[in-house]
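Number of protein chains: 2
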Amino acid sequence: MRLLLSLFLALLLNACAGPQVRGTGDLGLIIERSSGYVTLVNTTSRQPYARIGGLGDLSHASAVYSRDGRYAFIFGRDGGLTKIDLLEAKIVKRVIQSGNAIGGSISQDGRIVVAQNYTPGGIKAFDAETLELLSEVPAEHAPGQFSKVVGLADTAGNKFAYALFEGGEIRITDFSDPKQPKTQRFPAGSQPYDGLVTPDGRYFMAGLFGEDGIALLDLWQPEKGARKILEKYGRGEEKLPVFKMPHLRGWSVAQGKAYLPAIGRHEVLVVDVATWKEVGRIPVRGQPVFVMARPDGRQIWVNFAFPDNGKVDVIDTLAGQVVHRMEPGKGILHMEFAPRGENVWLSARDDNKVVIYNTENFAKLGEIPADSPSGIFFTSRAARIGF
Amino acid sequence: MRLLLSLFLALLLNACAGPQVRGTGDLGLIIERSSGYVTLVNTTSRQPYARIGGLGDLSHASAVYSRDGRYAFIFGRDGGLTKIDLLEAKIVKRVIQSGNAIGGSISQDGRIVVAQNYTPGGIKAFDAETLELLSEVPAEHAPGQFSKVVGLADTAGNKFAYALFEGGEIRITDFSDPKQPKTQRFPAGSQPYDGLVTPDGRYFMAGLFGEDGIALLDLWQPEKGARKILEKYGRGEEKLPVFKMPHLRGWSVAQGKAYLPAIGRHEVLVVDVATWKEVGRIPVRGQPVFVMARPDGRQIWVNFAFPDNGKVDVIDTLAGQVVHRMEPGKGILHMEFAPRGENVWLSARDDNKVVIYNTENFAKLGEIPADSPSGIFFTSRAARIGF
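For the record, the sequence lines run as chains A and B. My numbering numbers the first residue of the first sequence as 2 and each following residue consecutively. My numbering numbers the first residue of the second sequence as 2 and each following residue consecutively.
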């Protein structure tokens, strides 16, 4: 079945591949997690236009873009780092940079691609043009002890923030001199398991697995150190069963409020970003995984862990409650909004398709076949901070 | 001198023009206000790559982009609407759509370009593909009386918000059915002279020339009508001499605060966007014209009206004061930040050049010759709301 699907997709798309004189602002890609393929898509026509294979293990893979929007850098689970040309629809370069990796990021000036690795624990910086290794910063938190790195995100001035799972640290590494990186270390709490930078690039937050609460570092004043906020955020004293730890990267800030997935509870937490205090909870239909704001912040789209991973709830931030409930497909893994938010694309892994909806009236606009799709990444990310 | 400069620029750039297979995420254009030219630029190399003439009167001209980033739509002062191909570096189509125009906008879905006109007063919608006229909405505020239209900006759902100078209204026109637009009208106060939509697309604000204060319409709840905020904002009772009315489009929202040019005073006002109350004033070296936030909100760059139009002040929003003062050239008219904010480009009209600075250390990175440059517009605007 999977082979047949792959052949079908290849036939369908082969005719269209090849170099094109065209803008890149409305392009993107869909990760096909189990087959090592990516499908390239156009968000104006809402159609795929090419498919590229040979990218290795793409479970939990993610992508960032060159500042011209032409090239994608795809970080695979197996340590593969692949540079793809969206116009020529081909692999430009591929390196295996570690044994076990979990995403990466690109510097503000677009020159440096940084991968975060579990094994060996640390980060590595590559020249975005050539993928030549520039430097590496091992996540050695005690002599001879190396941590898994999580939550890597770019910040201003070619710096990157990330956290060390075993080390319990947040780090900032400055690659302004790419072969001589400088690293600052901040104690952050027990077992940070994921992190994010707020949309304005100011705060790095790390979720903690080993204790309740969130570690917060003000990147504008890192000398103040990391502090703990939302002391009750976590699995709590009851230690509820958690089917899947939520993705922090999906956190949303809209209208001065942050919307966070509760852990183990069927709720989205609302937090005032001026005080970092919880100001509300919104009931939803499952354990939230991604809690993502439409670019204008009017809506928050929420998907869920098993067994509710076929459902999606839409919160209206003005009404403060869920205003639309849908079941767009089986195994909804990820969502990506069109740059200005008119549409949303959702990966339905177990239906082997991506489904596209109008966010204003919730009408279904189309679907795209894909082999176990997971992450969806549009080129508009090239212009954003904190990815 | 001007002719010589034009010839020199044409020679310099002609070799590089022509269709290119390349990304469009790092492209942009510089308006050369008095000669009818635009210079096309690359923000990665920080170099011009082509120059296009024949665009008519470009004083006060502005540009928006197609959602793929390939095409720019340039609104001239003489009613000219010109569609440019940034990859082929040529004019695709040009129409004279009115006698006297003042900018325009593009719909959320990228299909409709709307121009706002002084004469005849009203807005006109064009097909973004062909520039075919789809419909027009005259700004008739009383039988037989037509207003100048100001402050046009796109909002969610292919709607556009704008204000009527003589009519004293804010209007929202919905082009979801482009040949059958629907318009809502809201009384807004005396002589709105410019407007903007907040970066999240939620609020439309119009500055008032005929009275003090700002008219504010919540686009999420337009049924509540426009209300007046900042009652003292304006020329005040003393009626200070105002050398140039500031551009509202340059207003900035950063970290929950809006930064506004004071009118006639050497100050930038700080307003809490949760309450819309003034919470501070920052002294600067002239009457501010544009008050623009770096994309991360850490810095606010301010230029000034004559006779201080050779100066630029940089406010650090964390420190709440000016931290850098510079004189980057004569007649600084406009500023544009690189999409992720690492650099800023400034038009020095009377020096016939655009100067480029690093925003982190204020180092000068280069300059580009241009004939009386005014507006600078990068393709990253394609992905933004409210332009």
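A virtual CB, placed ideally from N, CA and C, is assigned to each residue, including glycine. All values reported here derive from a predicted model rather than from experimental measurement.
Below-9 Å beta-carbon distance, residue i vs any chain B residue
i: residue 386 of chain A; result: yes
i: residue 87 of chain A; result: yes
i: residue 276 of chain A; result: no
i: residue 377 of chain A; result: no
i: residue 21 of chain A; result: yes
i: residue 131 of chain A; result: no
i: residue 28 of chain A; result: yes
i: residue 250 of chain A; result: no
i: residue 72 of chain A; result: yes
i: residue 12 of chain A; result: Its pLDDT being 48, under 50, residue 12 of chain A is placed unreliably by the model, and nothing is read from it.
i: residue 227 of chain A; result: no
i: residue 57 of chain A; result: no
i: residue 361 of chain A; result: yes
i: residue 188 of chain A; result: no
i: residue 329 of chain A; result: no
Where the beta strand (DSSP E) containing residue i begins and where it ends
i: residue 119 of chain B; result: 113-120
i: residue 59 of chain B; result: Here residue 59 of chain B belongs to no beta strand (DSSP E), and DSSP marks it neither H nor E.
i: residue 66 of chain A; result: 63-66
i: residue 95 of chain A; result: 91-97
i: residue 86 of chain B; result: 81-86
i: residue 293 of chain A; result: 289-294
i: residue 157 of chain B; result: From DSSP, residue 157 of chain B is part of no beta strand (DSSP E); its letter is neither H nor E.
i: residue 327 of chain B; result: 322-327
i: residue 175 of chain A; result: 170-175
i: residue 143 of chain B; result: 141-143
i: residue 333 of chain A; result: 333-338
i: residue 262 of chain B; result: 258-262
i: residue 278 of chain A; result: 278-284
i: residue 38 of chain A; result: 38-43
Whole-Å CB distance - residue i paired with residue j, under 8 Å assumed
i: residue 358 of chain A; j: residue 364 of chain A; result: 7 Å
i: residue 301 of chain A; j: residue 253 of chain A; result: 6 Å
i: residue 197 of chain A; j: residue 154 of chain A; result: 6 Å
i: residue 107 of chain B; j: residue 129 of chain B; result: 7 Å
i: residue 391 of chain B; j: residue 278 of chain B; result: What is shown of chain B runs 2 to 388, which leaves residue 391 of chain B out entirely.
Neighbour flag for residue i against chain A, beta carbons, 9 Å
i: residue 221 of chain B; result: yes
i: residue 64 of chain B; result: no
i: residue 202 of chain B; result: yes
i: residue 33 of chain B; result: no
i: residue 146 of chain B; result: no
i: residue 68 of chain B; result: yes
i: residue 372 of chain B; result: no
i: residue 25 of chain B; result: yes
i: residue 17 of chain B; result: In this prediction, residue 17 of chain B has a pLDDT of 45, which is less than 50 and means its spatial position is unreliable; what the coordinates show is noted afterwards. Answer no: the Cβ-Cβ gap between residue 17 of chain B and chain A never drops below 9 Å.
i: residue 293 of chain B; result: no
i: residue 1 of chain B; result: A query on residue 1 of chain B cannot be resolved here, the shown segment of chain B reaching from 2 to 388 and no further.
Within chain B, the residues that residue i reaches when beta carbons sit closer than 8 Å
i: residue 319 of chain A; result: 221 and 222
i: residue 383 of chain A; result: 26 and 340
i: residue 45 of chain A; result: 68, 69 and 111
Beta-carbon proximity of residue i to residue j, cut-off 9 Å
i: residue 151 of chain B; j: residue 97 of chain B; result: no
i: residue 319 of chain B; j: residue 222 of chain A; result: yes
i: residue 247 of chain A; j: residue 268 of chain A; result: no
i: residue 188 of chain B; j: residue 227 of chain B; result: yes
i: residue 167 of chain B; j: residue 185 of chain B; result: no
i: residue 342 of chain B; j: residue 311 of chain B; result: no
i: residue 1 of chain B; j: residue 298 of chain A; result: Only positions 2 to 388 of chain B appear in this structure, which leaves residue 1 of chain B out of reach.
i: residue 383 of chain B; j: residue 26 of chain A; result: yes
i: residue 126 of chain A; j: residue 182 of chain A; result: yes
i: residue 329 of chain B; j: residue 285 of chain B; result: no
i: residue 305 of chain A; j: residue 336 of chain A; result: no
i: residue 381 of chain A; j: residue 59 of chain A; result: no
i: residue 113 of chain B; j: residue 159 of chain B; result: yes
i: residue 75 of chain A; j: residue 32 of chain A; result: yes
Cross-chain neighbours of residue i in chain A, by beta carbon under 7 Å
i: residue 266 of chain B; result: Within chain A, no residue comes near residue 266 of chain B; the closest Cβ sits about 28 Å away, beyond 7 Å.
i: residue 284 of chain B; result: The premise fails here: residue 284 of chain B is roughly 22 Å from chain A at the closest Cβ pair, so nothing lies under 7 Å.
Neighbouring residues, chain B, relative to residue i (Cβ below 7 Å)
i: residue 343 of chain A; result: 109 and 110
i: residue 181 of chain A; result: What residue 181 of chain A touches in chain B: nothing, since even the nearest Cβ is about 17 Å away.
Contacts that residue i makes with chain A (C-beta to C-beta distance below 8 Å)
i: residue 48 of chain B; result: Residues of chain A passing the Cβ test: none, with the nearest at roughly 13 Å.
i: residue 40 of chain B; result: Simply none; closest approach about 18 Å.
i: residue 121 of chain B; result: In chain order: nothing, as chain A lies at least about 30 Å away.
Where residue i meets chain B, residues with beta-carbon distance less than 9 Å
i: residue 299 of chain A; result: 157, 201, 202, 203 and 221
Neighbouring residues, chain A, relative to residue i (Cβ below 9 Å)
i: residue 257 of chain B; result: 257, 274 and 275
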